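Undergrad:
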Amino acid sequence: MKFSKRSMPRRNAISVTEARSFMNARFLLPGFYLAIFLLLFLQAAAYAQLSSQIRYAIDRSQASDAFWVVQVRDSSGALLEDLNGGKLVRPASNLKLVSSGAFLEKLGTDYRFKTRLYGRGEQVGDRWRGDLIIRGSGDPSINGDFYEDPLFLFEKWFRVLASMGIREIDGNIIAWDGLFDDIPYPRGWEWDDLSYYYAPEINALSFNSNVVNLEVVAEGEAGSTPQIQWFPFNTPYVEFINEQVITPPSAGYNESYRRILGTNTIVLRSTLPQGYYETEPLSVMAPSLYFIDTFSRYLEQSGIRFSGQLLTDSDYYSWSDDNLELIDTHTSEPLFRMVEWLNQESDNFFTEMLTKVLAVEEYDAQGSTELGLNVIKEFMHSTGFDTLSVMLRDASGMAPSTLLKASDLNRYLVTIQKEPWFSYLYESLSIGGVNGTLGHRFRNGSLRENFIGKTGFSSGVRSLSGYLQTESGKWLTVTIVTNNYTARTSHVDWVHERILEYLYNGY
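Right, here's the structure in full:
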């Protein structure tokens, strides 16, 4: 079919100017896309890439199928090395770097606890007719880590009472632990950890980190039961079911301890080779009752009779010191000493106790983990964390659902160097090959005394963050996190060390 001139489709007419613009666009569009590509390329190049040596160390390791994060910054904060820095990770105890910063910022470096002994009644001759009341302040340090004798406070109070001429308490001993709520653990702690020293109950009136210290001596015939004793003074506050067995000297040690939850009954089922000696701190239930039970037994052993009951009061609103006689006040060491302990020893108990204290001081309310974590999260926001991506279930990093970005953690370690309390946090870190949780690592070689930082460990998690002085004298801020590994932890540590050695020599 032929189209006539009238019926033929007409092309749209364009002007000469439009035609020139169209022709220019045909040539400009590829140039435009090229410019965009170059811009994106240059932006990508501006971000740090991972050195091939670090990549090689990870890829050739037995933990290559785990999730790895590496972040390294120089003293100005410029990013030098980056692998998965923007991804969420389980930090384990590297979270304590953040929590301890919040404690120093919010409570102050010289914050001190005051645990008070009161009397309600009257003294008649050598008898106190009435109650003794102990007001818990949340002090985590009433133990042998800060004082030569873990029973030091009970000895002090015995001497105070004896100096008053008191030889008998005709009344009750009451523990007021209402400064904290009655939830003993942070959310997310795993139940099979709760028998051990690293997962004790959190209570405003605590003694000996809320554990008993068990000693086991495997002396005797193979097949027999090893001897046990425990601190304090084999207290009947706990009951041990000793089902342990001594094995021949060639056999290995196999640990098995379990406190029946909701009780103070602890089942021992370890096997120990002949001649083996083992110590283990094991947690107790109802710490404030443990405190006053130990106190009452100490008084009786020291010569002050006690014939009343042991009672606890957890009502936050019930406290009043009206009609009470203040007998003695124990003032703790300053907070910075506690931060030093909790970081160098990676102490979960200290961390979670101080978290509840944050809530008390910040909100003038009963201390809870939830409120304390709110304070820490606000602190994280103020120091540059993307808190919309942060998940906090505890302050010590043991909860597997606690998550943050490693890039935020690494940047935080640069940012806080301008804070007035930074020197206290820095002094709280372990020195490679010298002390704390790094005392047994980096003992030989270039990293000894040149890496200062914090370790982290929980099931499937190994983390390491801190400050590295390189061979050239530069200071680097380093964060290395390995999640979801099934290789030996010692092997993961070995890879971390290889990465640090490369940084030490390469920068």
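Reminder that position 161 of the sequence shown reads as 147 in our numbering, one-by-one numbering, no gaps.
Just so you know, even glycine gets a beta-carbon here, dropped at the ideal spot from N, CA and C.
Nothing here was measured: the structure is a model prediction, and the numbers come from that model.
#1: If you check the beta carbons only, do residue 482 and residue 466 fall under 8 Å apart?
#2: Whether or not the region 141 to 148 and the region 178 to 192 are in contact is what I'm after, with contact meaning three or more pairs of Cβ atoms, one per stretch, closer than 8 Å; do they touch?
#3: If you reduce the DSSP assignment to three classes, tell me which class residue 450 lands in.
#4: Among the candidates 306, 261, 394 and 72, whose CA atom is the shortest distance from the CA of residue 80?
#5: Using a Cβ-Cβ cutoff of less than 7 Å, which residues in the same chain neighbour residue 333 once the five nearest sequence positions on both sides are dropped?
#6: If you follow the alpha helix (DSSP H) that residue 420 is in, where does it begin and where does it stop?
#7: Going by the beta-carbon positions, is the gap between residue 214 and residue 260 smaller than 8 Å?
#8: In whole angstroms, give me the CA-to-CA distance for residue 349 and residue 92.
#9: Have a look at the DSSP bridge pairing and note the partners of residue 213.
#10: Between residue 122 and residue 190, which are expected to be in contact by the criterion C-beta below 8 Å, what is the C-beta distance as a whole number of angstroms?
#11: Where DSSP assigns a beta bridge to residue 290, which residues make up the other side?
#12: Work out the CA separation of residue 342 and residue 362 for me, nearest whole Å.
#13: Here's the rule I'm using: 16 or more other beta-carbon atoms within 10 Å means buried, otherwise exposed. How should residue 101 be labelled?
#14: Quick check on DSSP: helix, strand or coil for residue 273?
#15: List the endpoints of the continuous beta strand (DSSP E) containing residue 193.
#16: Which whole runs of the alpha helix (DSSP H) in the region 350 to 432 are 4 residues long or more, in chain order?
#17: What residues in its chain sit with their C-beta under 7 Å from that of residue 408, if we drop five residues either side in the sequence?
#18: Could you check what DSSP says for residue 444 in three-state terms: helix, strand or coil?
#19: When the Cα atoms are used, what is the spatial distance from residue 338 to residue 424?
#20: Using a threshold of 8 Å, state whether the C-beta atoms of residue 128 and residue 104 are closer than that.
#21: Quick check: what's the CA-CA separation for residue 254 versus residue 227?
#22: If we count Cβ pairs, one from each stretch, closer than 8 Å, do we get three or more for the region 189 to 209 versus the region 260 to 277?
#23: Within 10 angstroms of its Cβ, does residue 46 collect 16 or more other Cβ (buried), or is it exposed?
#24: Just curious, the alpha helix (DSSP H) that residue 44 is in, first and last residue?
#25: Helix, strand or coil for residue 319? Go by DSSP, reduced to three states.
TA: Per the coordinate set shown:
#1: Numbered from 1 along the sequence shown, position 496 holds the residue referred to as residue 482. Numbered from 1 along the sequence shown, position 480 holds the residue referred to as residue 466. Yes; because the gap between Cβ atoms is below 8 Å, this pair is in contact.
#2: no
#3: Along the sequence shown, one-based indexing puts residue 450 at 464. Residue 450: strand per DSSP, three-state reduction.
#4: Your numbering for residue 80 matches position 94 in the sequence shown. Nearest C-alpha to residue 80: 394.
#5: Along the sequence shown, read from residue 1 onward, the residue named residue 333 stands at position 347. Cβ neighbours of residue 333 beyond the five flanking positions: 327.
#6: As a working note, residue 420 is residue 434 in the sequence shown. Careful: residue 420 lies outside any alpha helix (DSSP H) and carries neither H nor E.
#7: As a working mapping, residue 214 is identified with position 228 in the sequence shown. As a working mapping, residue 260 is identified with position 274 in the sequence shown. Cβ atoms of residue 214 and residue 260: not closer than 8 Å.
#8: Here residue 349 is taken as the residue at index 363 of the sequence shown, counted from 1. Here residue 92 is taken as the residue at index 106 of the sequence shown, counted from 1. About 12 Å.
#9: Stepping through the sequence shown from its first residue, residue 213 is reached at position 227. According to DSSP, residue 213 bridges with 203.
#10: Position 136 of the sequence shown, counted from the first residue, corresponds to residue 122. Position 204 of the sequence shown, counted from the first residue, corresponds to residue 190. 4 Å between Cβ atoms; contact.
#11: Position 304 of the sequence shown holds residue 290. None; residue 290 has no bridge partner.
#12: Indexing the sequence shown from 1 puts residue 362 at position 376. Indexing the sequence shown from 1 puts residue 342 at position 356. One C-alpha to the other measures close to 11 Å.
#13: Locating residue 101 in the sequence shown gives position 115, counting from the first residue. Looking at its Cβ environment, which holds 16 or more other Cβ atoms inside 10 Å, residue 101 is buried.
#14: Taking the sequence shown and counting its residues from 1, the one referred to as residue 273 is at position 287. Looking at residue 273 - three-state DSSP - the assignment turns out to be helix.
#15: On the sequence shown, residue 193 is found 207 positions in, with the first residue counted as 1. No beta strand (DSSP E) holds residue 193; DSSP gives it neither H nor E.
#16: 355 to 368, 392 to 401 and 408 to 413
#17: Residue 408 sits at position 422 when you count from the first residue of the sequence shown. Only 402 meet the Cβ criterion.
#18: Within the sequence shown, numbered from 1, the residue matching residue 444 stands at position 458. Here residue 444 sits in strand by DSSP.
#19: Stepping through the sequence shown from its first residue, residue 338 is reached at position 352. Stepping through the sequence shown from its first residue, residue 424 is reached at position 438. If you take the alpha carbons of residue 338 and residue 424, they lie about 22 Å apart.
#20: On the sequence shown, residue 128 is found 142 positions in, with the first residue counted as 1. On the sequence shown, residue 104 is found 118 positions in, with the first residue counted as 1. No, Cβ-Cβ distance for residue 128 and residue 104 is not below 8 Å.
#21: As a first step, residue 254 must be located in the sequence shown, where it is residue number 268. As a first step, residue 227 must be located in the sequence shown, where it is residue number 241. Near 6 Å, if we compare the C-alpha coordinates of residue 227 and residue 254.
#22: yes
#23: Position 60 of the sequence shown holds residue 46. Exposed.
#24: Within the sequence shown, numbered from 1, the residue matching residue 44 stands at position 58. Unbroken alpha helix (DSSP H) run through residue 44: 38 to 45.
#25: What you label residue 319 is simply residue 333 of the sequence shown in a count that begins at 1. In the structure shown, residue 319 sits in coil (DSSP, three-state: anything other than H, G, I, E or B).
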